[in-house]
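> Following my numbering, the numbering of the sequence shown begins with 544 at its first residue and continues without gaps.
Just so it is clear, CB atoms sit at the ideal spot from N, CA and C, and this is done for glycine as well.
One structure, as C-alpha cells, below. Some questions next.
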Amino acid sequence: MFCVFTKHHHQSIITPKTYERHFSKKRKSVMELHDVYFWTASIEYWRPLLSDDTFKQIIVNSLDYLSQQKKINVYGFVIMPNHIHIIWEMLEMNGKEKPYASFLKFTAHKFQKLLKSKTVYEFKKYNVDESSRKQRYWQHDPLAIKIFSREMLQQKLEYCHNNPLQEHWCLSNEPETYYWSSAYDYCNNFTRFTFLKDYYDRV
C-alpha cells in the first residue's frame, strides 16, 4: 500500500492558461478498455461549481455506481473546486458507450437538476448555443493520459493527493485530511470510499 506524500509547494499551479499551454496540443480524451488512465475533467469556463460538497457527492455517487456495476476500477481521485482527477480503468461498455461517457452524462444531468433547484442565475451561466445541447457543465474533450508503469501511477497518485495543498487552493494542510480524495483511504485501509481499489493489486 502506497502512503507517502510529499508536499510540492513549488510545483506549477494548474490554472486555465497553464492548462491550455501544457495540455491542449497533446490532448487525448479517448480511453480504451482494460488500460489505466490518469484522467482530468474540468468544469466549463473553470467555474467553481464543485466548491459545493453536494456537487462533489454526485461525482462520488457516480463512481460508486459504476464500480458496483463492474464497469470501472478506480485507483485514485481528487475532486477540486473546478476540476477532477481520476486514476481509473474502463472494464466494459456501459450499454453502447464507455463508462467515462456515462459518468459525464450522469453527473451533468444531476448538476443541472441540482443547480436549477438552487438558483436560476447560476443555472443560466451554463447555457450554450449548441445544436446537441442547451447547457454544458464539463469542458469538451477531457485529458486522458495512459499509465504505463507502477512508478508513473504513483507519481500521478501523489499529484492527485497533493493538489488540495497547492498555494493556489489551500484546501488542506495534509493530503489525508482533505475529504474529497483517495489520500485518506491509502493511509487507512480503504475505509472511506468503498469503490476504491489499491493500485498494488493492478500494477
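Runs of 3 residues minimum, wholly inside the stretch 668 to 739: which ones carry the beta strand (DSSP E) assignment?
Listed in chain order, the complete beta strand (DSSP E) runs (minimum 3 residues) inside the stretch 668 to 739 are 686 to 689.
> For residue 602, report the span of its alpha helix (DSSP H) as first-last.
For the purposes of this step, residue 602 is taken as residue 59 along the sequence shown, with counting starting at 1. That run of the alpha helix (DSSP H) goes 596 to 611.
> Starting from residue 650, trace the beta strand (DSSP E) in both directions and tell me its first and last residue.
Start at 1 with the first residue of the sequence shown, and residue 650 comes out as number 107. Here residue 650 belongs to no beta strand (DSSP E); instead the alpha helix (DSSP H) covers 642 to 661.
> Per DSSP, what kind of secondary structure is residue 575 in: helix, strand or coil?
One-based indexing of the sequence shown puts residue 575 at position 32. Looking at residue 575 - three-state DSSP - the assignment turns out to be coil, as it is neither helix nor strand.
> Using the DSSP secondary-structure output, state which residues sit across from residue 616 in a beta bridge.
Working through the sequence shown from its first residue, we reach residue 616 at position 73. In DSSP, residue 616 forms a bridge with 632.
> Measure the beta-carbon distance from residue 627 to residue 584 and round it to whole angstroms, keeping in mind my assumption that it falls under 8 angstroms.
Within the sequence shown, residue 627 is the residue found at index 84, counting from 1. Within the sequence shown, residue 584 is the residue found at index 41, counting from 1. The Cβ separation is near 5 angstroms, so the contact holds.
> Using a 10 Å radius around the Cβ and a threshold of 16 neighbouring Cβ atoms, would you call residue 728 buried or exposed?
Walking along the sequence shown from the start, residue 728 turns up at place 185. Buried is the call here.
> In whole angstroms, what separates the C-alpha of residue 700 from that of residue 577?
For the purposes of this step, residue 700 is taken as residue 157 along the sequence shown, with counting starting at 1. For the purposes of this step, residue 577 is taken as residue 34 along the sequence shown, with counting starting at 1. One alpha carbon belongs to residue 700, the other to residue 577, and they sit about 19 angstroms apart.
> So, are the CB atoms of residue 717 and residue 730 less than 7 angstroms apart?
Residue numbering aside, residue 717 sits at position 174 when the sequence shown is read from its first letter. Residue numbering aside, residue 730 sits at position 187 when the sequence shown is read from its first letter. No, Cβ-Cβ distance for residue 717 and residue 730 is not below 7 angstroms.
> Buried or exposed for residue 632, going by 16 or more other Cβ atoms inside 10 Å?
Taking the first residue of the sequence shown as 1, we reach residue 632 at position 89. Buried.
> Suppose you measure from the CA of residue 704 to the CA of residue 657; what does that come to, to the nearest Å?
Working through the sequence shown from its first residue, we reach residue 704 at position 161. Working through the sequence shown from its first residue, we reach residue 657 at position 114. In a straight line, the C-alpha of residue 704 is about 28 angstroms away from that of residue 657.
> Identify, in the order they occur along the chain, each residue of the same chain with its Cβ nearer than 6 angstroms to the Cβ of residue 637, setting aside the five sequence neighbours on each side.
Mapped onto the sequence shown, residue 637 falls at position 94. Counting only Cβ-Cβ distances below 6 angstroms, and skipping sequence neighbours, we find 614 and 645.
> Express the C-alpha separation of residue 734 and residue 620 in angstroms, rounding to a whole number.
If you number the sequence shown from 1, residue 620 lands on position 77. If you number the sequence shown from 1, residue 734 lands on position 191. Answer to the nearest angstrom: the Cα atoms are 15 angstroms apart.
> Among 618, 640, 652 and 641, whose alpha-carbon lies nearest the alpha-carbon of residue 598?
To locate residue 598, count along the sequence shown from 1; it is residue 55. Looking at the Cα atoms, 652 is the closest of the given residues.
> Would you report the Cα separation of residue 605 and residue 643, rounded to the nearest angstrom?
In the sequence shown, the residue the question calls residue 605 occupies position 62. In the sequence shown, the residue the question calls residue 643 occupies position 100. Rounded to whole angstroms, residue 605 to residue 643 spans 10 angstroms at the Cα level.
> Quick check on this structure: which residue in 674, 702, 648 and 695 has the alpha carbon closest to the alpha carbon of residue 609?
Position 66 of the sequence shown, counted from the start, is the residue given in the question as residue 609. Closest by alpha carbon: 648.
> With distances taken between CB atoms, is the gap from residue 680 to residue 669 smaller than 7 angstroms?
Working through the sequence shown from its first residue, we reach residue 680 at position 137. Working through the sequence shown from its first residue, we reach residue 669 at position 126. With respect to residue 669, residue 680 sits close: the two C-beta atoms are nearer than 7 angstroms.
> Would you call residue 707 buried or exposed, if buried means 16 or more other Cβ atoms sit within 10 Å of its Cβ?
Locating residue 707 in the sequence shown gives position 164, where the first residue counts as 1. Answer is buried; the Cβ neighbour count reaches 16.
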